[in-house]
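Trainee: Counted the way this note's numbering counts, the sequence shown spans residues 14 to 312.
Each residue gets a CB set at the ideal place from its N, CA and C atoms; glycine is no exception.
In this text, all values refer to a predicted model and were calculated from it rather than measured experimentally.
This is the structure I have questions about; it appears just below.
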Amino acid sequence: MELEQVSPFSTVDANKHLLRFLWLEITKRCNLACRHCYRNSSPKAELLGTMTDEDWIRLIHEAKEVGCTLVQFIGGEPLVHPSFSLLLQIAHGTGMNVEVFTNATLVEDDVADLFSKYGTRVAVSVYADDPVTHDRVTSHKGSHSMTEKAICRLVDRGIDLRVGIIEQGENSDIIEQTVEYVRRLGVQNVGTDHIRAVGRGVKVGSTGWQSDPMAALCGQCHKARLAVDINGDAFPCVLSNAFPVGNIRNGLLQVLSGKRLENFRQNQQGYKGNPCNSGCSPDDQRFPRCKPNCVPKGD
């Protein structure tokens, strides 16, 4: 008689919420080289790492089994990954909500149609209404025009789209008009944030955080979240690579139930500089350094 195969996730307490949101950093490479990039991404950065397509697919299914409800493809620029379309299809096939964080310069009609077909959520960064300023931030002439056209393609297809504006020296005096510019393009979900002192952001972001990596975080990443990079290394969120918590090749459940992640979550909750300890939300105007929440609303 054949023995019944029991999933290792069947013993997980569903009420414990080990994981609700998962970032999939499928590549470090990007066709742009934004001056504040948290991952030091560029056209010369590593494309694939040691994670194979099979590794990513297994991780996606394991995330679903453990109760994850939302995954986000990010990079780098996720659209440069050669198996992006396959991985996107697999993720949607699990029934989880799926978002792609992209600079949108590669979102031509075929990509927009793909997002429309699966009901993919999309997040895009815009840095200025002015093309010169935007292109200066991305280090790529013409990126503003490509991103604007892509946003229009996504809006025309009714795709669930949000846009983030990162405030920095280049655009600090035009944030409000940039928000209005994005809204004129048809996007209603527009948020703003400042540079995090991570990656290249250390050089151009707020001073004083470099000596305390916890201070660069919004204070929310202890809430059942996890990021996995191109080598399978796991972190509490995409901005917290100073706090590795394991490698998913040892099994996602082992990482989620491991002591390193538990310790991080407890330390962040008790961290004296965490504004969330005073009952705010990521949109609370009293604490501008923790808005917007980097997890899409509805998680």
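Whole-angstrom Cβ separation of residue 175 and residue 202, contact assumed at under 8 Å?
Mentor: 4 Å
Trainee: Suppose the cutoff is 7 Å on Cβ atoms and the five residues either side in sequence are ignored; what does the same chain contact list for residue 160 look like?
Mentor: 116, 117, 118, 137 and 139
Trainee: My guess is that residue 45 and residue 156 are in contact by the Cβ rule of under 8 Å, so how many angstroms apart are they, rounded?
Mentor: With 8 Å as the limit, residue 45 and residue 156 qualify as a contact, their Cβ atoms being about 6 Å apart.
Trainee: Select from 84, 75 and 74 the residue whose C-alpha is nearest the C-alpha of residue 35.
Mentor: 84
Trainee: Does DSSP put residue 146 in a helix, a strand or coil?
Mentor: Looking at residue 146 - three-state DSSP - the assignment turns out to be helix.
Trainee: Can you tell me whether residue 31 is buried or exposed, with buried defined as 16 or more other CB within 10 angstroms of its CB?
Mentor: Burial of residue 31 is indicated by the presence of at least 16 other C-beta atoms within 10 angstroms of its C-beta.
Trainee: Taking the alpha-carbon positions, what's the residue 60 to residue 193 distance?
Mentor: 35 Å
Trainee: Give, in chain order, every unbroken run of the beta strand (DSSP E) that is at least 3 residues long and sits entirely within the region 223 to 251.
Mentor: 238 to 241 and 246 to 248
Trainee: Are there any heavy atoms of the ligand FMN lying less than 7 Å away from the beta-carbon of residue 51, as far as the coordinates show?
Mentor: Ligands are entirely absent from the displayed structure, and the ligand FMN is therefore not among its contents.
Trainee: If you measure between the beta carbons of residue 158 and residue 48, is that distance less than 8 Å?
Mentor: no
Trainee: Helix, strand or coil for residue 185 per DSSP?
Mentor: coil
Trainee: Where DSSP assigns a beta bridge to residue 260, which residues make up the other side?
Mentor: 246
Trainee: Please classify residue 35: does DSSP put it in a helix, a strand, or coil?
Mentor: Reduced to three states, the DSSP call for residue 35 is strand.
Trainee: Whole angstroms is fine: what's the gap from residue 181's alpha carbon to residue 187's?
Mentor: 10 Å
Trainee: Let me confirm a value: residue 95 is counted as buried when at least 16 other C-beta atoms fall within 10 Å, else exposed. Which label applies?
Mentor: It is exposed - the Cβ of residue 95 has fewer than 16 other Cβ atoms within 10 Å.
Trainee: From residue 64 to residue 245, what does the alpha carbon distance come to, in whole angstroms?
Mentor: 6 Å
Trainee: Can you give me the start and stop residues for the beta strand (DSSP E) that residue 115 sits inside?
Mentor: Annotation for residue 115: the continuous beta strand (DSSP E) segment containing it runs 110 to 115.
Trainee: Taking C-beta to C-beta, are residue 79 and residue 274 nearer than 8 Å?
Mentor: no
Trainee: Are residue 133 and residue 88 close, meaning C-beta to C-beta below 8 Å?
Mentor: no
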